[in-house]
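In numbering that gives the first Met the number 0, the protein residues as written are 0 to 178. Structure, as structure tokens:
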Amino acid sequence: MFLGYIVFHKYEIRIFKAKEREVNFLEIDYSVIQSMPDGDTLHGILQLHKGIFGSGDDLINKMKEKPRLLVMIAKLNENVIGYKVGYELDSRTFYSWLGGVSADYRKHGIASRLLGLQHQFLKENGYHIVQTKTMNKWRDMLILNIKHGFDVMETYTDKKGRQKIVLEKKLIDLKETTL
């Protein structure tokens with residue numbers, strides 16, 4: 000576990016270990032993929048997904064079924080350490096579906112960076128709204144979304160009896176589009 004602070008410098012994260020008075024730089028590569036990722040990247044996503052969520056048996060098939068799949072990746076030394084996957088609901092609405100960061104690299108702004116890159120891409124490609132769902136047990140994700148401008152729209156209980164929280168963020172002020 001790292002103690003101290005982080006600073007972004009062109010895809011680098013500076014990590015200061017307070018106890019050892021040592022500064023390490025992590026050169027993290029972020030990428031945007033508008034289709035199914037290649038073999039190594041897809042394998043890295045699956046491994047990370049299983050580590051975070053406990054399973055991912057049908058993830059590849061589910062990803063293949065999604066319209067206009069968009070995948071954001073954070074890699075360190077060619078290893079996937081973070082990802083964010085989403086897809087189009089309609090021409091104006093995008094669904095931010097799955098994502099996570101390796102436990103070894105959490106609390107360093109990687110999830111925020113992936114979210115920011117996703118939203119930048121969505122704005123540049125004409126989406127007006129991004130929607131996501133989460134649960135109370137994923138509090139860090141709930142807090143991250145709220146910090147980045149999402150509003151809670153509703154809650155519901157799914158078929159498995161789990162309480163879900165639906166959040167949305169306006170990417171484009173609708174007033175601007177009518178001017």
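Glycine included, each C-beta is placed from N, C-alpha and C at the ideal position. Bear in mind that the values here come from a model prediction, so they are computed numbers and not experimental data.
Name, in chain order, the residues that DSSP records as bridge partners for M71.
V31, K83
Can you give the beta carbon distance from K132 to G148, rounded, assuming they're within the 8 angstroms contact cut?
With a Cβ gap of about 16 angstroms, K132 and G148 do not count as contacting.
State yes or no: is the C-beta of I128 within less than 7 angstroms of the C-beta of T154?
no
Quick one: residues in its chain with C-beta nearer than 7 angstroms to the C-beta of K65, no 5 flanking neighbours on either side, listed in chain order?
Y86
Nearest by alpha-carbon distance to D37: which of G55, V70, D56, L25 is it?
V70
With the cut-off set at 7 angstroms, would you say W96 and V84 are in Cβ contact?
yes
Report the three-state DSSP secondary structure of D56 (helix, strand or coil).
coil
Where do the N-terminal and C-terminal ends of the alpha helix (DSSP H) with K146 fall, by residue?
138 to 146
What does the alpha-carbon distance come out to for the pair K9 and L121?
Any reading at K9 is ruled out, since the residue's pLDDT is 41, under 50, leaving its predicted position unreliable.
With distances taken Cα to Cα, identify the nearest neighbour of G115 among Y82, E26, D103.
Y82
How many angstroms separate the CA atom of G53 from the CA atom of R112?
24 angstroms
Please report the residue range of the beta strand (DSSP E) in which I164 lies.
162 to 169
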